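Q:
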């Protein structure tokens with residue numbers, strides 16, 4: 008009697024219960040059990056070769072292997088969780104769509120493996136995988152390097168992080184260029200017609216930032232850009248206020264350009280907008296330099 012009275016007093020709860028039943032029924036009809044199996048606490052006792060189906064779509068938990076060869080094995084869309092492989096050789100294996108979580112590949116090597124759409128998290132793995140096993144497609148190579156960069160950041164490997172960033176930037180540059188200029192079917196379908204204009208703008212922005220400061224990764228490119236600014240200041244000073252046909256005038260202006268750039272010397276004949284532009288360029292340069300140093304030391 009108490010439940011019936013409660014139901015009569017709270018029609019909203021009855022409606023909510025009926026709605027939950029409908030949702031559960033819909034989920035049971037739409038979602039079916041998959042074929043993924045969980046393999047726990049096993050070890051590789053002998054070499055494995057030419058397996059196309061037996062090892063795919065699995066969840067490997069604490070799988071171990073030592074000094075074993077694994078060749079031409081299909082691990083597609085598998086999950087490797089807290090696995091340990093010591094001095095193992097993976098040759099021509101398919102790791103498409105795999106996820107590696109907290110795995111240790113101590114002195115293990117990969118040769119001719121497929122890592123399309125693979126994800127790495129907190130894994131101990133040599134950074135030579137970046138170049139030797141990266142997918143050929145620029146967009147997949149970019150995501151592969153990005154996943155490894157985040158992985159190396161999680162384990163505190165600063166050197167590997169820098170290498171992964173270089174690989175990611177290189178792949179991103181090629182991808183953006185192909186997105187507006189390539190005649191390959193993939194780019195023609197994805198970026199057709201007017202869609203290529205935004206990609207061209209993104210590529211120009213990327214290239215400009217790369218020339219100025221290596222997209223935040225190169226102190227030398229930033230110093231080169233500052234040197235070019237000094238040259239421009241010297242040229243403008245000589246051309247506008249000096250003797251354009253006298254080479255010594257260019258040398259003298261270039262000698263004074265650091266003082267002008269750093270605000271130590273401000274010639275009175277410079278227009279206000281020109282002096283303001285130099286100040287703005289100096290502040291932006293210092294900001295870029297600070298950002299690079301913070302990123303470099305922040306990874307250690």
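Residue numbers (this note's numbering): 8 to 307.
Backbone N, C-alpha and C define an ideal beta-carbon position, used for all residues, glycine too.
Please read all numbers here as calculations on a predicted model, not as lab measurements.
If you draw a straight line from the C-alpha of residue 56 to the C-alpha of residue 183, how long is it?
A: 39 Å
Q: So what does DSSP say about residue 298, is it helix, strand or coil?
A: helix
Q: Rounded to the nearest angstrom, how far is the Cβ of residue 43 from that of residue 80, given a contact under 8 Å?
A: Not confirmed; about 17 Å, so no contact.
Q: Are the CB atoms of residue 102 and residue 122 nearer to each other than 7 Å?
A: yes
Q: Below 7 Å CB to CB, which residues in the same chain sit around residue 236 once its five sequence neighbours on both sides are set aside?
A: 268 and 288
Q: Would you kindly check if the distance between the Cβ of residue 264 and the Cβ of residue 285 is under 7 Å?
A: no
Q: By how many angstroms is the C-alpha of residue 59 removed from the C-alpha of residue 82?
A: 8 Å
Q: Return helix, strand or coil for residue 91, following the three-state DSSP convention.
A: Residue 91: strand per DSSP, three-state reduction.
Q: Tell me whether the stretch 246-258 and the stretch 289-300 touch, counting them as touching only if at least three CB pairs, one residue from each stretch, are closer than 8 Å.
A: no
Q: With a 10 Å radius around its C-beta and 16 neighbouring C-beta atoms as the bar for buried, classify residue 201 as buried or exposed.
A: exposed
Q: Going by C-alpha distance, which of 149, 181 and 189 is nearest residue 170?
A: 149
Q: Let me check one thing: in DSSP terms, what residues is residue 55 bridge-paired to?
A: 77
Q: Are the stretch 171-178 and the stretch 141-160 touching, with three or more C-beta to C-beta distances below 8 Å?
A: A contact between stretches requires three or more CB pairs, one per stretch, nearer than 8 Å, and the stretch 171-178 meets this requirement with the stretch 141-160.
Q: Quick one: Cα of residue 218 to Cα of residue 232, how far?
A: One Cα belongs to residue 218, the other to residue 232, and the distance between them is close to 8 Å.
Q: What does residue 41 pair with, by DSSP beta-bridge criteria?
A: Answer is none; residue 41 lacks a bridge partner.
Q: With DSSP as the reference, please indicate the residues paired to residue 47 in a beta bridge.
A: 68
Q: Is the beta carbon of residue 72 closer than 7 Å to that of residue 51?
A: In this structure, residue 72 lies closer than 7 Å to residue 51 by Cβ.
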